[in-house]
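Residue numbers (the working numbering), protein chains in the order written: chain D, 4 to 510; chain Z, 4 to 433. Don't be surprised by glycine CBs; every beta carbon is placed ideally from N, CA and C. This one's a predicted model, so the numbers in the text were calculated from it and none came from an experiment.
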């Protein structure tokens, strides 16, 4: 793991850390004797690579998987799993502080034990790592090679000197943080997703550079742990791909949490002074300096393609956008496919998984499955969560598709009111004068769970008219989706408990 | 305590309109004709407020509150100031490329607060100037001169420059850093800006600028109403103060079988629905007490009636349904929807006046009031003083409701007509 000169980050070695390391990079592991030729060689042991290797093995193919660092990739080790684990704890702290809102007493002594937070995270990470351990993968019939791979020809590669020949290959080497080129940043030291989960002490003051999903999630979590947090984003809103209202609600949520929000602002320079990091910020014609103890960057990701010797294999790639693929995930070398972050715009674990299945299918069978038919949801796990699937309104209008949006604020949903989780909305976009769902955005405490219903509807071509006939368990927050469908068919929405009470009181 | 529940609607509206107009007589610098942004000490000039004043003088002449010669002289003073102002674009100038800085020193008319060269506020100023030129049409030397100056001001605005090579207009520019990169997408008060910029005989916008802007619109079904979404109420009122959108439609509205007037009616009803729902459980909100918009509100962390700390936003563009909302209502905003929803606007005005008489001072609206921050002796929290934008929209929208005077004048304005046509508007009076 690359360490980025941050004095506060040092990989803690406890039982959980050791268990995970045994699972994802077994000490004393001897690479097997390679087969004469593999049906499929998978380069990279992250989510895409693991899915590809298991899928190919289950089809009876002779499969090898090569991993240079840790099985599980970013998601398990330094991404989804550890971040969601600490976000869970941070939500709990936020709820404890707001206990009175829920008719509960605020605990007398809310003291954040950051070491315990991180220990829980490591325990969870170790547990999840068992599923795709080196041993289990090997037992599933995959030859696991731990080492650095580089192509030596169009049908062969070398792993630390051992040659692997293949009929087909899948490159799934993932991506890494794209560090902004800010003068003084490297010298001062900074955190990325690759080392932030190694922290053992909470930084007293934290600057987060970048308002994408990673920056937003961790800024909120660290703020709720008690770090005085500032987040700078060089655009007018966070999560620039999302709908304005979603991003605006997130900004408001950040402000409620006490995060210092600096939009339209660039971090121009970093310098060390008196043991603290001083960061100069520029916003239009306004300049200021913040003093912090740690800097976290979350400004995008770059595909891992440099060290693979792809040119020798006849695989076209770009340092910024990754391996060039067609709609069948085939590269410029017909033997070689790519999957996951190394080639996709949407760098999510679930797209890595889905693309890997397509790549293996197309590589090992006569099938011709397409990437473009996938319906890909995503979610940013802030509080509230922001989830999206399908087209945005702007994308639809760019394609000259007239759009009608059905909006249900969460404050109209009984369960959200009962839960005290009223911030947010469900917006379902349909093609004008039809019930065909083009896309949806959900902002809600559990938007990530709710978006799946819309994804199912889009994939199964279920329109709003049919959704209106689907009985939703009451009371649930997903009832918001039913309300949107009811609005489409013109049914009066169920009056909320609040309005019933108001009527009763008036009577 | 003001008792205004008795008068007829006509008397009520007349009283409120005249009180609002009085602001412009009190807040003017006679030497420059410029109008202060608000009535507080050391307030700067807001160029948009001057635009509202120029339109309100016309109303005042019609209603007999101001002699025609006086109105011409006041208008002439302001227009002459802008014509002769420093257009170098320097940090302490008044304008650049025909645009003007948002806030100017009340005495000198030079830029203050490092404010931005504002495209929308210049448009509101120019809309007011055009109103004056469409009304003062007599062949007297003063009125001829007035019209000449308005034409000079309009023709010298380089709208094309404000595109900065992009598909849509920029919101602002500063000498210190160039064009501002604030997001200004989605439906907002800028139709009048685009219409003026497209109607320019000298520097009209390039490309399909209006279509590029409308491509960012959000047409939503909310609380049972299909409408073009915009959170704050002023978004649905400012362009409509000058342009009569009844029956004229651009491509977007043809697709939606609606028009911008009807849209403002629905947006007003959505505002009332939100107040009825009152998701944040603020004091006072109901179907008779509503109106979230850009206005002044409390800004300190004052405790509310239950003693809980709340976030308070000061002067902010409050909106529905996503906020920001801190319990502050702008009484004038619901009244400014009078042309769209006369019955519920008057109902809201009467009810709010009765329940919160402190929101009015001599029949003139405070910018905002907040019943959640009430005190036993003074009633609801009330924004001190008055703001010019609020008074201007009240004068104009009451007049449009009563006589359609402003709409009638601007329907005949060739620049407005040309701009609307270039934006793709068809039908109705056009």
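Would you say residue i lies against chain D (beta-carbon separation less than 8 Å)?
i	result
residue 190 of chain Z	no
residue 365 of chain Z	no
residue 224 of chain Z	yes
residue 219 of chain Z	yes
residue 326 of chain Z	yes
residue 282 of chain Z	yes
residue 117 of chain Z	yes
residue 258 of chain Z	yes
residue 275 of chain Z	no
residue 105 of chain Z	no
residue 179 of chain Z	yes
residue 183 of chain Z	yes
residue 6 of chain Z	At residue 6 of chain Z, the pLDDT of 49 sits below 50, so the modelled position is not reliable; the number obtained from the coordinates is stated separately. Chain D, which has no Cβ nearer than 8 Å to the Cβ of residue 6 of chain Z, makes this no.
residue 314 of chain Z	yes
For residue i, collect the residues of the same chain with a Cβ closer than 6 Å to its Cβ; drop the 5 residues on either side in sequence, then sort them by chain order.
i	result
residue 23 of chain D	128, 129 and 132
residue 42 of chain D	64, 65 and 170
residue 159 of chain Z	101
residue 424 of chain D	448
residue 425 of chain Z	201
residue 490 of chain D	409
Here's a check: name, in chain order, each residue in its chain whose Cβ is nearer than 7 Å to the Cβ of residue i, leaving out the five neighbours to either side.
i	result
residue 255 of chain Z	217 and 220
residue 483 of chain D	411, 413, 416 and 429
residue 122 of chain Z	102, 165, 172, 173, 174, 175 and 196
residue 81 of chain D	196, 197 and 200
residue 11 of chain D	A caution first: residue 11 of chain D carries a pLDDT of 41, below 50, which makes its placement in the model too unreliable to give a value.
Of the residues the options, which one's Cα is nearest the Cα of residue i?
i	options	result
residue 65 of chain Z	Z:209, Z:236, Z:399 and Z:316	Z:399
residue 293 of chain D	D:364, D:233 and D:86	D:233
residue 316 of chain D	D:335, D:373 and D:101	D:335
residue 181 of chain D	D:18, D:441, D:368 and D:305	D:305
residue 156 of chain Z	Z:98, Z:142, Z:423 and Z:185	Z:98
residue 457 of chain D	D:375, D:50 and D:379	D:379
residue 187 of chain Z	Z:169, Z:68, Z:203 and Z:199	Z:169
residue 46 of chain D	D:145, D:398 and D:31	D:145
residue 15 of chain Z	Z:380, Z:411, Z:366 and Z:393	Z:366
residue 111 of chain Z	Z:71, Z:146, Z:296 and Z:46	Z:46
For the alpha helix (DSSP H) that contains residue i, what are its first and last residues?
i	result
residue 12 of chain Z	12-29
residue 199 of chain Z	194-201
residue 399 of chain Z	391-405
residue 259 of chain D	247-260
residue 134 of chain Z	122-138
residue 371 of chain D	No alpha helix (DSSP H) holds residue 371 of chain D; DSSP gives it neither H nor E.
Does at least one heavy atom of the ligand MG sit under 7 Å from the Cβ of residue i?
i	result
residue 390 of chain D	Here there are no bound small molecules, and the ligand MG is not part of this structure.
Got a sec, what are the start and stop residues for the beta strand (DSSP E) residue i sits in?
i	result
residue 175 of chain Z	175-177
residue 224 of chain Z	222-225
residue 33 of chain D	Careful: residue 33 of chain D lies outside any beta strand (DSSP E) and carries neither H nor E.
residue 229 of chain Z	228-231
residue 428 of chain Z	Unbroken run through residue 428 of chain Z: none, as it is neither H nor E.
residue 381 of chain D	381-383
Give a yes or no on whether 8 Å exceeds the smallest Cβ distance from residue i to chain Z.
i	result
residue 101 of chain D	no
residue 490 of chain D	yes
residue 271 of chain D	no
residue 282 of chain D	no
residue 255 of chain D	yes
residue 196 of chain D	no
residue 312 of chain D	no
Excluding the five sequence neighbours on either side, which residues of its own chain have a C-beta within less than 8 Å of the C-beta of residue i, listed in chain order?
i	result
residue 113 of chain D	96, 99 and 100
residue 217 of chain D	86, 196 and 301
Closer than 8 Å is the cut-off here; do at least three beta carbon pairs connect the stretch 119-136 of chain D with the stretch 417-432 of chain D? In the pairwise beta carbon analysis, the stretch 119-136 of chain D is classified as not touching the stretch 417-432 of chain D: fewer than three pairs are separated by under 8 Å.
Are there three or more Cβ pairs, one per stretch, closer than 8 Å when the stretch 176-189 of chain Z is compared with the stretch 285-292 of chain D? Contact between the stretch 176-189 of chain Z and the stretch 285-292 of chain D is established, with three or more Cβ pairs separated by less than 8 Å.
Between the stretch 289-305 of chain Z and the stretch 340-352 of chain Z, do three or more beta carbon pairs fall short of 8 Å? Verdict: yes, contact present.
Evaluate the contact criterion for the stretch 217-237 of chain D versus the stretch 245-262 of chain D: three or more CB pairs, one atom per stretch, below 8 Å. These segments touch.
With a threshold of 8 Å, are at least 3 pairs of Cβ atoms found where one atom belongs to the stretch 418-425 of chain Z and the other to the stretch 255-274 of chain Z? Contact fails between the stretch 418-425 of chain Z and the stretch 255-274 of chain Z, because fewer than three Cβ pairs, one in each stretch, are under 8 Å apart.
Would the stretch 396-412 of chain Z and the stretch 30-47 of chain Z be scored as touching if the rule is three or more Cβ pairs under 8 Å? Too few Cβ pairs lie closer than 8 Å, so no.
Would you be able to state if there are at least three C-beta pairs under 8 Å between the stretch 119-137 of chain Z and the stretch 56-73 of chain Z? Short answer: they touch.
Three or more C-beta pairs below 8 Å linking the stretch 398-411 of chain D and the stretch 221-238 of chain Z: Cβ pair count under 8 Å is three or more, so yes.
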